[in-house]
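Before any comments, here is the structure.
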Amino acid sequence: MIRILSGDKPGSRFLSLILFGVLIALAFAPFLFDGTRALDTAARICILIVLAASFDLLLGYAGIVSFAHTMFFGLGAYGVALACLNLERGFGALAVGTAAGAGAAAVLALVIGLFSLRVRAIFFAMITLAVASAVAVLVSQLSYITGGEDGLTYRIPRELTAAVRYGEVPEFALTADWVLGGQRITGKIANYYLVFGAALALLLLMLRIVNSPFGRVLQAIRENDYRAEAIGYSVVRYRIAISVLSAVIAALAGSLFAIWLRYVGPDTTLSFELMIDILLMVVIGGMGTIYGAVIGAVLLVLAQSFLRDVMSSAAEATAQLPVLPQLLDPDRWLLWLGLLFVLSVYFFPTGVVGKLRQLRQRRTQSD
Amino acid sequence: MLETHDLTVRFGGHTAVDAVSCRFHTGELTAIVGPNGAGKTTFFNLVSGQVFPTSGRVTLSGADISRLSPAARTRRGIGRGFQQTNLFPGLTVTENVRLAVQARQRKGGRLLRLAQSDKQMGRETDALLSDVRLERMGRRLAAELSHGEQRMLEVALLMALQPSVYMFDEPTAGMSAEEAPLVLGLIDALRRDASKSILLVEHKLDVIRSLADRIVVLHNGKLVAQGAPDEVMGLKIVQDAYMGQDLVNV
Ligand SMILES: Nc1ncnc2c1ncn2[C@@H]1O[C@H](COP(=O)(O)OP(=O)(O)OP(=O)(O)O)[C@@H](O)[C@H]1O
Ligand SMILES: [Mg+2]
Chain A
3 MIRILSGDKP
13 GSRFLSLILF
23 GVLIALAFAP
33 FLFDGTRALD
43 TAARICILIV
53 LAASFDLLLG
63 YAGIVSFAHT
73 MFFGLGAYGV
83 ALACLNLERG
93 FGALAVGTAA
103 GAGAAAVLAL
113 VIGLFSLRVR
123 AIFFAMITLA
133 VASAVAVLVS
143 QLSYITGGED
153 GLTYRIPREL
163 TAAVRYGEVP
173 EFALTADWVL
183 GGQRITGKIA
193 NYYLVFGAAL
203 ALLLLMLRIV
213 NSPFGRVLQA
223 IRENDYRAEA
233 IGYSVVRYRI
243 AISVLSAVIA
253 ALAGSLFAIW
263 LRYVGPDTTL
273 SFELMIDILL
283 MVVIGGMGTI
293 YGAVIGAVLL
303 VLAQSFLRDV
313 MSSAAEATAQ
323 LPVLPQLLDP
333 DRWLLWLGLL
343 FVLSVYFFPT
353 GVVGKLRQLR
363 QRRTQSD
Chain B
32 MLETHDLTVR
42 FGGHTAVDAV
52 SCRFHTGELT
62 AIVGPNGAGK
72 TTFFNLVSGQ
82 VFPTSGRVTL
92 SGADISRLSP
102 AARTRRGIGR
112 GFQQTNLFPG
122 LTVTENVRLA
132 VQARQRKGGR
142 LLRLAQSDKQ
152 MGRETDALLS
162 DVRLERMGRR
172 LAAELSHGEQ
182 RMLEVALLMA
192 LQPSVYMFDE
202 PTAGMSAEEA
212 PLVLGLIDAL
222 RRDASKSILL
232 VEHKLDVIRS
242 LADRIVVLHN
252 GKLVAQGAPD
262 EVMGLKIVQD
272 AYMGQDLVNV
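Which chain is which? The protein sequence lines are A and B, in order. In this text, residue positions in the first sequence follow the numbering used here: the first is 3, and each later residue adds one. In this text, residue positions in the second sequence follow the numbering used here: the first is 32, and each later residue adds one.
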């Protein structure tokens, strides 16, 4: 078990429990929760975990700020979309699109890195911002290829759609009126497990990378690039390598997203809001921990999906009181999210994971 | 052999190192002395690559290395220790040293192995830690060490590189009376290895007297004297410098 996690234990019992809970919930999501919305949320969480963790490789481990992460995500997504539109329907098209998206992301990240990481890390941030904006404009302008603002819809292999039925889960009666199972296993569920399995594999791969000799060098560079260079590590090469690696993983996440949604558009893959969301996930969860990306993605997606619901019921409950109902109006959910963010950064500057590890350390020291 | 040829660097109008030409033979320990601000650390920066020269060259075994990055020079065998503590503060003591061992073994590109699974590297790291008496501090963060311990760790990082040229910049400054002899003992042991050259910036005269094969005196960025310790120590300019007196017209 520890070996699968690359020896990187969560570092807090409570955190392990939460992570285990998330794993179980996602692994059995099609059978635990009813409705397509829940399954969609679960798939989104899987994909955002990978996307946020790949951003953490850059931000948390290498100390590099990039604004182009969603661009690489978009490359993977558009790769699959274009392949599905232009090639024969089937898994071949998915594979070609995924490989093309990842390849394009690698080349672009390499070029950006070669041009800007040689200078200074802050320059990289500005270049990525410029390139990402240019790509977003390009995507909306080249509408005959990319579908412009409307995006693209396309067909994926039938085996991954709800049109195909593989059978049913055997029913399993716990008590007379508490029956588990009985759901239809459709291609949609197969699709979900493709997303879940790939996301899990990518997450474990990232855990391995950050605990490898290479990952240690990244941490050394983040801590003190001057000294890392002085003991013989070519800092620029390591920075370029991790930015390429992180771009490729982001593109793979994008491909999964495209396979899941059967739609890509600039809003869902390239938008600046998504970039901010990823940043929030990594910071709230805890930078430089990989597990933080898991916590951050789950928290943010749940907040975005359910904060409005919670707020509208809270607004109703407080309808008699002054001011409060207006403040709790569901339309103000962004305000509350922003407030939650500020509070969480103020109280947990090292993120949820950092805080939990700290608590546990304090406890072991006082023992 | 490490050589500098008319090595010069100017910061604005100030010439911090001024046309220094000097040879450092293998099997020799050269002490570099001079008052504060003489340019000793800047000279080190020029040799190890942190600062690029305005003019002049650095050669190692005849090859010009003055345009190489610090990392490339380190890989060629120039090992540099720092006067100001310069560690990886948020990593553990063991990780600090292991990173240096790993750099020497060129294993930093390994992506899919576990950092701590390399047994041989682990043993070497432990040995280095016990050389500087930090064996019990392995799991502490470098930032949590006392100043003297951080200086010891600094030395361990340099030792881990096993370079052909060792550059120590006031290694014992800030160390306790127990720590300093330990480090000087390590340097003395290196001195017996005929394949290494050692550059040592040091202020304490007794240390220089007992360790140095040769002394180079820098003053205002210029090389003002060099030679065997007995000769150089007798020079008025050196005595003046070490009496803390102002040097006039050199
Ligand atoms: N990067 C820099 N920019 C501007 N001036 C510099 C720079 N580095 C060093 N100097 C100047 O060069 C001169 C030499 O400094 P240096 O640190 O090399 O002296 P030093 O001999 O090592 O002194 P000390 O014994 O105090 O360590 C000083 O006047 C210093 O202010
Ligand atoms: Mg100095």
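Glycine is no exception: its CB is placed at the ideal position from the N, C-alpha and C atoms.
Cβ-based burial, residue i [other Cβ within 10 Å; buried from 16]
i	result
Ser14 (chain A)	buried
Glu126 (chain B)	buried
Arg241 (chain A)	buried
Glu201 (chain B)	buried
Asn280 (chain B)	For Asn280 (chain B), the predicted model reports a pLDDT of 36, less than 50, meaning its position is unreliable and no value from the coordinates is stated.
Ala267 (chain A)	Before going further, note that residue 267 (chain A) is Gly rather than Ala in the sequence given. Gly267 (chain A) is buried by the Cβ-count criterion.
Gln276 (chain B)	Its pLDDT being 42, under 50, Gln276 (chain B) is placed unreliably by the model, and the measurement read from it follows with that caveat. The residue is exposed, with fewer than 16 neighbouring Cβ atoms inside 10 Å.
Arg240 (chain B)	exposed
Phe22 (chain A)	exposed
His71 (chain A)	buried
Ser346 (chain A)	buried
Ser97 (chain B)	buried
Thr38 (chain A)	exposed
Leu304 (chain A)	exposed
Ser245 (chain A)	buried
Ser8 (chain A)	buried
Trp180 (chain A)	exposed
Per DSSP, cross-strand counterpart(s) of residue i
i	result
Lys253 (chain B)	B:His250
Ile218 (chain B)	DSSP lists no partner for Ile218 (chain B).
Gly258 (chain B)	B:Ile246
Glu210 (chain B)	In DSSP, Glu210 (chain B) forms no bridge with anything.
Ser228 (chain B)	B:Val196
Val266 (chain A)	A:Leu154
His36 (chain B)	B:Arg88
Leu172 (chain B)	B:Thr123
Within 9 Å, strictly: CB atoms of residue i and residue j
i	j	result
Phe75 (chain A)	Thr271 (chain A)	yes
Ala45 (chain A)	Ser257 (chain A)	no
Asn226 (chain A)	Pro120 (chain B)	yes
Gly179 (chain B)	Met206 (chain B)	yes
Met277 (chain A)	Ala55 (chain A)	no
Phe16 (chain A)	Arg362 (chain A)	yes
Val232 (chain B)	Ala102 (chain B)	no
Phe198 (chain A)	Ala29 (chain A)	yes
Ala134 (chain B)	Gly356 (chain A)	no
Leu329 (chain A)	Leu50 (chain A)	no
Ile158 (chain A)	Cys86 (chain A)	yes
Tyr197 (chain B)	Lys235 (chain B)	no
Leu213 (chain B)	Arg164 (chain B)	yes
Phe57 (chain A)	Ile280 (chain A)	yes
Neighbour list for residue i in chain B, Cβ cutoff strictly below 9 Å
i	result
Val219 (chain A)	Leu130, Gln133, Ala134, Gly139, Gly140
Arg210 (chain A)	Leu142, Leu143, Arg144, Leu145
Partner residues on chain A for residue i, Cβ-Cβ distance less than 7 Å
i	result
Pro101 (chain B)	Glu231, Ala232
Gln8 (chain B)	No statement about residue 8 (chain B) is possible, as the shown extent of chain B runs from 32 to 281 and does not include it.
Leu188 (chain B)	Ile233
Contact set between residue i and chain B, taken where Cβ atoms lie within less than 8 Å
i	result
Pro172 (chain A)	By Cβ distance, chain B contributes nothing, its closest Cβ being about 39 Å from Pro172 (chain A), past 8 Å.
Asn226 (chain A)	Asn117, Leu118, Phe119, Pro120
Ile187 (chain A)	Within 8 Å Cβ-Cβ: nothing; Ile187 (chain A) doesn't reach chain B, min ~34 Å.
Chain B contact residues for residue i, given Cβ-Cβ distances below 7 Å
i	result
Pro215 (chain A)	Gln133, Lys138, Gly139, Arg141, Arg144, Ala146
Contact set between residue i and chain A, taken where Cβ atoms lie within less than 9 Å
i	result
Thr105 (chain B)	Glu231, Ala232, Ile233, Gly234, Tyr235
Glu180 (chain B)	Those within 9 Å of Glu180 (chain B) in chain A number zero; the least Cβ separation is about 17 Å.
Glu126 (chain B)	Arg218, Gln221, Ala222
Ser79 (chain B)	Ala232
Leu192 (chain B)	Ile233, Gly234
Arg111 (chain B)	Ala232, Ile233
Under 8 Å from the C-beta of residue i: neighbouring residues of chain A
i	result
Leu33 (chain B)	The contacting residues do not exist; Leu33 (chain B) stays about 17 Å from chain A at best.
Arg245 (chain B)	By Cβ distance, chain A contributes nothing, its closest Cβ being about 25 Å from Arg245 (chain B), past 8 Å.
Entirely within the stretch 40 to 90 of chain A and at least 4 residues each: give me those alpha helix (DSSP H) ranges in chain order. 71 to 88
Would you mind listing the beta strand (DSSP E) stretches within the stretch 131 to 190 of chain A that are 3+ residues and don't spill past its ends, in chain order? 167 to 170, 174 to 177, 180 to 182, 186 to 188
Which full runs of the alpha helix (DSSP H) of 4+ residues lie inside the stretch 193 to 234 of chain A, going along the chain? 215 to 225, 227 to 232
Length at least 4, wholly inside the stretch 94 to 170 of chain B: the alpha helix (DSSP H) runs in chain order: 101 to 106, 124 to 135, 150 to 162
Whole runs of the alpha helix (DSSP H) within the stretch 40 to 94 of chain B, excluding any shorter than 4 residues: 71 to 79
Along the chain, which unbroken stretches of the alpha helix (DSSP H) at least 4 residues long are found entirely within the stretch 307 to 350 of chain A? 326 to 329, 335 to 349
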